[in-house]
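Mapping the sequence shown onto my numbering, position 154 (from 1) lands on 145, and the numbers just tick up by one.
Shown next, in structure tokens, is the structure this report addresses.
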Amino acid sequence: MIQVLIAEDDPMVAQINQQYVEAIPGFHVQAIANAPEAALQEVQANRPDLILLDIYMPGMTGLELLKNIRLLNKSIDVIVISAANDMASVRKALQYGAVDYLMKPFQFDRFQQALLSYQRRYEMYVRSNEVNQGEIDELFFSKEKKAIRKVLPKGLTKETLKLVWLSVEKWTEDDFSADDISFHSGVSRVSVRKYLSFLQEIGVLEERISYGSVGRPQTRCRILKQKRDQVRSYIE
-8 MIQVLIAEDD PMVAQINQQY VEAIPGFHVQ AIANAPEAAL QEVQANRPDL
42 ILLDIYMPGM TGLELLKNIR LLNKSIDVIV ISAANDMASV RKALQYGAVD
92 YLMKPFQFDR FQQALLSYQR RYEMYVRSNE VNQGEIDELF FSKEKKAIRK
142 VLPKGLTKET LKLVWLSVEK WTEDDFSADD ISFHSGVSRV SVRKYLSFLQ
192 EIGVLEERIS YGSVGRPQTR CRILKQKRDQ VRSYIE
């Protein structure tokens, strides 16, 4: 069981983070610290495996806390969870050894991805004292090489999503309708609408209303190319 310390001064956010952690098998919230000094005491007393660390806290900042933890020579991993969006904070977090960085507000999917990725890393840490090059590559390049499989909402299947997504990707015009994708995929229009709605929910598609010269307005979609890789974790 991976022991987690939540260092967060906002009680509501800390509670949400705790619920998120405990929803993922293999993790346990060891303690919640609402100030850097309390977090440092917890580190020295109980040495958690992982700290979920906010940057903006009273007293010393989360980054200063992380620096102090490194000075103690404690083998503790850190995932930063913060509203800090400046590159200086991100860079400093990486320099102090943070294994991931989540910006508030974040979705549970991204939180789950961070913890599952860490879990694979942790399991490798404790498996053996010696590693080969392939295992080292897995540690350093796991985000690029592995997509975490996600569960589709009830009523959707991976096979149908593949059909719909293949037709979407092959579509050559700027946008498309449910009728277009239904015709090219062979999936019913009603089903296509459900899958297009799901793709909008995960941020892969955006919707617009097209007003023609006659008839009712038509809903059309287009791919947000920078987000298209998110589909992979649902269909691979």
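Even glycine gets a Cβ: it sits at the ideal position worked out from N, Cα and C.
Enclosing beta strand (DSSP E) for residue i [first to last residue]
i    : result
S201 : L196 to S201
L44  : L41 to L44
L143 : It is not in any beta strand (DSSP E) - L143 carries neither H nor E in the DSSP assignment.
Y92  : D91 to M94
Continuous alpha helix (DSSP H) stretch holding residue i: start and end
i    : result
V181 : R180 to E192
T210 : Per DSSP, T210 belongs to no alpha helix (DSSP H); it is in the beta strand (DSSP E), Q209 to I214.
Y225 : R223 to I226
Where residue i falls: helix, strand or coil (DSSP)
i     : result
E135  : Only weak support is given to the placement of E135: the predicted model assigns it a pLDDT of 49, under 50, and the value that follows is read from those uncertain coordinates. Of the three classes helix, strand and coil, the one that applies to E135 here is helix, per DSSP.
D128  : helix
D166  : coil
M229  : Look at the range of the chain in this structure, -8 to 227, and you will see that residue 229 is not part of it.
V69   : strand
Q(-6) : strand
Y109  : helix
D77   : coil
Cβ-Cβ distance between residue i and residue j below 8 angstroms
i    : j    : result
A105 : D128 : no
F189 : L157 : no
G50  : V69  : no
L130 : R118 : no
Supposed close pair residue i, residue j - CB separation, criterion 8 angstroms
i     : j    : result
V183  : I172 : 5 angstroms
I(-7) : Q9   : The Cβ separation is near 14 angstroms, so there is no contact.
F167  : R223 : Going by Cβ atoms, the distance from F167 to R223 rounds to 20 angstroms, so no, they are not a contact pair.
K58   : A74  : The pair is not a contact, with the Cβ atoms about 20 angstroms apart (cut-off 8 angstroms).
K149  : I226 : 6 angstroms
8 angstroms Cβ cutoff, residue i in contact with chain D
i    : result
S182 : Here chain D cannot be found, since the structure has a single protein chain.
Segments of 4+ residues assigned as alpha helix (DSSP H) that fall wholly inside the region -1 to 63: 2 to 13, 27 to 37 and 53 to 62
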